[in-house]
Amino acid sequence: MQITNITHQEEIVPLAPEKKSAGRVGRTLRFFLSNPKIAVGFGVVLFFVLIAIAAPLLTPYAPDARVVRGLQPSQPPSSAHFFGTTDLGQDMFSQVVYGARVTLLIAFVAAFGSTALQVIFGLTSAYLGGLVDDLLSLIINVGLVLPGLPLTIVLASLASAANVNKNELVIALVLLFTSWQYGARVLRAQTLSLKEREFVAAARAVGESAWRIIFVEILPNELALVASTFVGTFVYVMGAEIALEFLGLGDPSQASWGSILYWAQNDAALPSGQWWLFVPAGLCIALFCGSLAFINFGIDEIANPRLHIEKPMKKALKALRKTKEAVA
Amino acid sequence: MEENRDLLLDVQNVSVVYDSADGEVYAVNDVSFTLRRGEILGLAGESGSGKSTLAYAIARLLRPPARVTGGRVLYYPRARAGERDNGRASLRANDVDIFAFSKRELRAFRWSELAVVFQSAMNALNPVATFEAQMLDVMRAHRPEMSREQQRARMVELARLVGIAPERLKSYPHELSGGMRQRAVIAIALALSPEIIIMDEPTTALDVVIQRDILTELMRLRRQLGFAVIFITHDLSLLLEVADEIIIMYAGRMVEKAGRKALYRHPLHPYTDGLLHSFPTLEGPLVRMSGIPGAPPDLREVPPGCVFHPRCSQAWGRCQRERPILRSLPAQGGEDAAERRVACHLYDTDARRQEPALSSQGGEA
Amino acid sequence: MRYFLRRLGFYLVALWAAVTFNFIIPRLMPGDPTTTFLAKLRGQGHLTPATLAALQADFGVTPNVPIWQQYLNYLGAILHGDLGISSSQFPSKVSTILGESLPWTIGLVGASIVLSAVLGTIIGALLSWRRGSWYDTVVPPLLTFLSAIPYFWMALALVYIFALGLGWFPPDSPYDIFNVTPGWNVDYILSVLQHALLPVITLVIGSLGGWVLTMRNAMITTLSEDYVLMAEAKGLPERQIMTNYAARNAILPSITSFSISLGLIVGGALLTEIVFNYPGIGFALFNAVAQNDYALVEGCFLVIALTVLLANFLSELVYTFLDPRVRHGRG
Numbered sequence: 003m004q005i006t007n008i009t010h011q012e013e014i015v016p017l018a019p020e021k022k023s024a025g026r027v028g029r030t031l032r033f034f035l036s037n038p039k040i041a042v043g044f045g046v047v048l049f050f051v052l053i054a055i056a057a058p059l060l061t062p063y064a065p066d067a068r069v070v071r072g073l074q075p076s077q078p079p080s081s082a083h084f085f086g087t088t089d090l091g092q093d094m095f096s097q098v099v100y101g102a103r104v105t106l107l108i109a110f111v112a113a114f115g116s117t118a119l120q121v122i123f124g125l126t127s128a129y130l131g132g133l134v135d136d137l138l139s140l141i142i143n144v145g146l147v148l149p150g151l152p153l154t155i156v157l158a159s160l161a162s163a164a165n166v167n168k169n170e171l172v173i174a175l176v177l178l179f180t181s182w183q184y185g186a187r188v189l190r191a192q193t194l195s196l197k198e199r200e201f202v203a204a205a206r207a208v209g210e211s212a213w214r215i216i217f218v219e220i221l222p223n224e225l226a227l228v229a230s231t232f233v234g235t236f237v238y239v240m241g242a243e244i245a246l247e248f249l250g251l252g253d254p255s256q257a258s259w260g261s262i263l264y265w266a267q268n269d270a271a272l273p274s275g276q277w278w279l280f281v282p283a284g285l286c287i288a289l290f291c292g293s294l295a296f297i298n299f300g301i302d303e304i305a306n307p308r309l310h311i312e313k314p315m316k317k318a319l320k321a322l323r324k325t326k327e328a329v330a
Numbered sequence: 003m004e005e006n007r008d009l010l011l012d013v014q015n016v017s018v019v020y021d022s023a024d025g026e027v028y029a030v031n032d033v034s035f036t037l038r039r040g041e042i043l044g045l046a047g048e049s050g051s052g053k054s055t056l057a058y059a060i061a062r063l064l065r066p067p068a069r070v071t072g073g074r075v076l077y078y079p080r081a082r083a084g085e086r087d088n089g090r091a092s093l094r095a096n097d098v099d100i101f102a103f104s105k106r107e108l109r110a111f112r113w114s115e116l117a118v119v120f121q122s123a124m125n126a127l128n129p130v131a132t133f134e135a136q137m138l139d140v141m142r143a144h145r146p147e148m149s150r151e152q153q154r155a156r157m158v159e160l161a162r163l164v165g166i167a168p169e170r171l172k173s174y175p176h177e178l179s180g181g182m183r184q185r186a187v188i189a190i191a192l193a194l195s196p197e198i199i200i201m202d203e204p205t206t207a208l209d210v211v212i213q214r215d216i217l218t219e220l221m222r223l224r225r226q227l228g229f230a231v232i233f234i235t236h237d238l239s240l241l242l243e244v245a246d247e248i249i250i251m252y253a254g255r256m257v258e259k260a261g262r263k264a265l266y267r268h269p270l271h272p273y274t275d276g277l278l279h280s281f282p283t284l285e286g287p288l289v290r291m292s293g294i295p296g297a298p299p300d301l302r303e304v305p306p307g308c309v310f311h312p313r314c315s316q317a318w319g320r321c322q323r324e325r326p327i328l329r330s331l332p333a334q335g336g337e338d339a340a341e342r343r344v345a346c347h348l349y350d351t352d353a354r355r356q357e358p359a360l361s362s363q364g365g366e367a
Numbered sequence: 067m068r069y070f071l072r073r074l075g076f077y078l079v080a081l082w083a084a085v086t087f088n089f090i091i092p093r094l095m096p097g098d099p100t101t102t103f104l105a106k107l108r109g110q111g112h113l114t115p116a117t118l119a120a121l122q123a124d125f126g127v128t129p130n131v132p133i134w135q136q137y138l139n140y141l142g143a144i145l146h147g148d149l150g151i152s153s154s155q156f157p158s159k160v161s162t163i164l165g166e167s168l169p170w171t172i173g174l175v176g177a178s179i180v181l182s183a184v185l186g187t188i189i190g191a192l193l194s195w196r197r198g199s200w201y202d203t204v205v206p207p208l209l210t211f212l213s214a215i216p217y218f219w220m221a222l223a224l225v226y227i228f229a230l231g232l233g234w235f236p237p238d239s240p241y242d243i244f245n246v247t248p249g250w251n252v253d254y255i256l257s258v259l260q261h262a263l264l265p266v267i268t269l270v271i272g273s274l275g276g277w278v279l280t281m282r283n284a285m286i287t288t289l290s291e292d293y294v295l296m297a298e299a300k301g302l303p304e305r306q307i308m309t310n311y312a313a314r315n316a317i318l319p320s321i322t323s324f325s326i327s328l329g330l331i332v333g334g335a336l337l338t339e340i341v342f343n344y345p346g347i348g349f350a351l352f353n354a355v356a357q358n359d360y361a362l363v364e365g366c367f368l369v370i371a372l373t374v375l376l377a378n379f380l381s382e383l384v385y386t387f388l389d390p391r392v393r394h395g396r397g
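Chains as they are written, first to last, in our numbering: chain F, 3 to 330; chain U, 3 to 367; chain E, 67 to 397.
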């Protein structure tokens, strides 16, 4: 079950509701990074991004190049090939490192687009209310109730059957359009409560246009929530993308973490004990997704002050256990 | 029922501290007072004065990071006629220190001897349980000897007592109106006929008309049943109508204690004076209102000497250096026989003889 | 009552959307869903025009009928339970195939949901009691991490370690197909349970984190509410406070988030079936996709959608039952 750290019923304490400026962005970033969970998660994420970017520098082999020929192309890890080689004799390390690019890029595009949709639909629907809200809410709720992965599978399979080129883009788009509903609903709930605040009434009284109110006044107050849903969307989209590729609905000829697993499954890696065919990619996926989840955990701690334990409280707890004047 | 003027509660030098990132913050600092049976004691003060913290400390309902760091609260229970001891820990006939209660003693003490009426009835009631369930559970927990019929009968009696129709017993909190919810909470508080009821701003969340209703109800019930009340509020005018004795708190300290008439006619502490003159009267000439300039201090950085001195129009040199002690003053004569206590250098006759520059302030002999 | 009817109406709309989606999408794609199959058939011998026409009708291909008529026919067919003929398992009817697969999926998903929910809620409540302890510091992040791992990779890893490596569990198939015959006999049932263990464990590990965290966070929030303080003031036994006052309120967000994440649970189950060769709906869908069996694909999707909608509806009912505020028309 996807972790819903932030239930849409809770009120999130908004970060300082001021206009954006370069200094504020920097300070907000530093504020987020001061939480250890966020810092660790972010560090790992950054690490993978850098690896993906620096791929050509890290390995001499191209991911598709068959470097090992002969009867047993699939080799366990060695000093020449850190992660071993695939059944086609390709260097696994290269595959993982170059594959990171594809995987992360698709996931990022999908998550970014999805978040954009979430923000636009969620905020607009809540702010405008009335018929617009009813209609958009209906679309959102129907989208939520229809099961995501089967939907995605069907769409992707139909797309691949129609031999649409550029499968990555198709996957990204499919994921984009099937993942925005949840975040939109969460943002809508938060906007509904923010809408009643005085600063919105003040802005309206001054005559600000609805567009401005939504994106310049309300949105900055929901940054923690938007960040959290972006991260959540990223995790979901990445998982779904890898699942699709694993099922062969992506482009199996291009190295990505999901396609690595596809070939591993196809080559019966498990029963034959060729663990290096799926462990490296899998571990990367686990680490990356795990760090994203960590980041979300940290954001949740910041946003909901009741969840955050302060050190002095631990001291007080210990003192309480000792003194007789304890709470009952 | 005639009010029994026995001693009920003797609060001695209670201090409560909050553990914060900046260290220990004193929310309640060395407070002592007594409560007599059937008496209504008002605790008045601004937000942050420590009045709620003090009351919750007495009830042992404080939660981390708050903790009691000193003092004791002696309780003098009345031996109850006809109440069998079921083998659970029963309270001894002489005084007991509430702070020293064991878990069992505390459980027996809770609600049977001391009940609490919370500020917001909507928040104080369990939203997924009916009104009657929330009355029954306390009866089942403390009076297991009562049969089902007896418990139900008592419940209906309590509902009638506060003016709620018995049909509403099965309602959920969100189905009751604001006034009814508050009555419901009062009914639950009365369930075990406690000796003391702590009321934390019981009417603040209600509109004025209902406020009046609830207060009248409370006073009637108190006359009828004889429980003592610790009434916490920031609204001094309310206390002037209902309380027997009033304690004024500021920044965690007690600054004045007096009977209500005496307090109204001759407020001694400048803070009390300021509070009294913050309410406009309904009738009479238009008067320029003077509030109390400034704001209550940050409890992490309390001013030296008298805590109130930065806002006091009567302050002088000594006030900035030395903290005034709460002293008892002889009764004013005439109003009531209750003692008066005030923590202010103005009433320290020795000090006044020493310091020359003084503004005129009516006082006492 | 009005609330109930409104929700029912909503679910009907959603169902209609699913059905319509099923109808529209394949027809947007170029080509005829059945051409490949028919081409294969033609290669095997004659096909009289009559047979061809009959086959086409079986597959729902009616090129001379206007699209809206096709739509209505389609709706009618579905209402009669006629989901067409599978091309990959010709001549089995889609509904038959689905009928055989569905119980496996329901068993798997049902068992894991129940286990996850019960375990997760209890652990979450326990964790909230022990705030600041080392369990509370370690367990939530650990579970978060586990939940973020894609289900199927976890399934693969578990199969590798426990089934192939240690040999504790069987790695695939729903029961021991070599030695046991299906039927209501003890051997069969035991075998089914044994083979279901690993898939269920996979699903539970993946979804446990969500339940634990939602419950824990909700409990922490609830425990700081005034009504819990009042319950303490009343001198009620601690266990009663924890269950009747705290947990009873804290569980509500869990139910809400469960409804929302149903789609994901189904997705995870799907992948788990594929890894374990478990003959449920997900497995059927996967194979259908691989073999371009559109009728079966559509059928699977429809059944999945229907099940999810039903589960959603049921959990909404449960929520209404638990939260009196919703019952009285505040929905």
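From the three backbone atoms N, C-alpha and C, an ideal C-beta is built for every residue, glycine too.
What does the alpha-carbon distance come out to for the pair residue i and residue j?
| i | j | result |
| --- | --- | --- |
| R225 of chain U | I188 of chain U | 15 Å |
| I286 of chain E | S194 of chain E | 6 Å |
| E48 of chain U | S239 of chain U | 13 Å |
| G150 of chain E | C286 of chain F | 43 Å |
| F85 of chain F | Y63 of chain F | 13 Å |
| S152 of chain E | A116 of chain E | 20 Å |
| G190 of chain E | N128 of chain U | 21 Å |
| E364 of chain E | P248 of chain E | 28 Å |
| R190 of chain F | V121 of chain F | 8 Å |
| S161 of chain E | P282 of chain F | 41 Å |
| T338 of chain E | S114 of chain U | 57 Å |
| A54 of chain F | D238 of chain E | 35 Å |
| A126 of chain U | T351 of chain U | 48 Å |
| L171 of chain F | S159 of chain F | 14 Å |
Three-state secondary structure (DSSP) at residue i?
| i | result |
| --- | --- |
| Q213 of chain U | helix |
| S127 of chain F | helix |
| L331 of chain U | strand |
| L185 of chain E | helix |
| K259 of chain U | strand |
| M201 of chain U | strand |
| G254 of chain U | coil |
| I215 of chain E | coil |
Can you find the residues in the same chain that come closer than 8 Å, C-beta to C-beta, to residue i, ignoring five residues on each side of it along the sequence?
| i | result |
| --- | --- |
| L11 of chain U | T36, L37, I60, V75, L76, Y77, Y78, I198 and A230 |
| Y129 of chain F | T193, K197, A212, I215, I216 and I220 |
| V369 of chain E | L164, L168 and I347 |
| E382 of chain E | R73 and S325 |
On the DSSP bridge list, what partners appear for residue i?
| i | result |
| --- | --- |
| T331 of chain F | An answer regarding residue 331 of chain F cannot be provided, because it is not within the stretch 3 to 330 covered by chain F. |
| E26 of chain U | U:D21 |
| V70 of chain U | U:V18 |
| F35 of chain U | U:V13 |
Within a Cβ cutoff of 7 Å, which residues of the same chain sit near residue i, ignoring the five residues on either side of it in sequence?
| i | result |
| --- | --- |
| G250 of chain F | Y264 |
Quiz item: Below 8 Å, can you find three or more Cβ-Cβ pairs linking the stretch 174 to 188 of chain F to the stretch 99 to 118 of chain F?
Solution: Counting C-beta pairs with one atom in each stretch, the stretch 174 to 188 of chain F and the stretch 99 to 118 of chain F have three or more that are closer than 8 Å, which means they touch.
Exercise. Would you be able to state if there are at least three C-beta pairs under 8 Å between the stretch 181 to 199 of chain F and the stretch 137 to 151 of chain F?
Key: Contact between the stretch 137 to 151 of chain F and the stretch 181 to 199 of chain F is established, with three or more Cβ pairs separated by less than 8 Å.
Quiz prompt | Cβ pair count under 8 Å reaching 3, the stretch 255 to 262 of chain U against the stretch 23 to 43 of chain U | solution = In this structure the stretch 255 to 262 of chain U lies against the stretch 23 to 43 of chain U, because at least three pairs of beta carbons, one per stretch, are closer than 8 Å.
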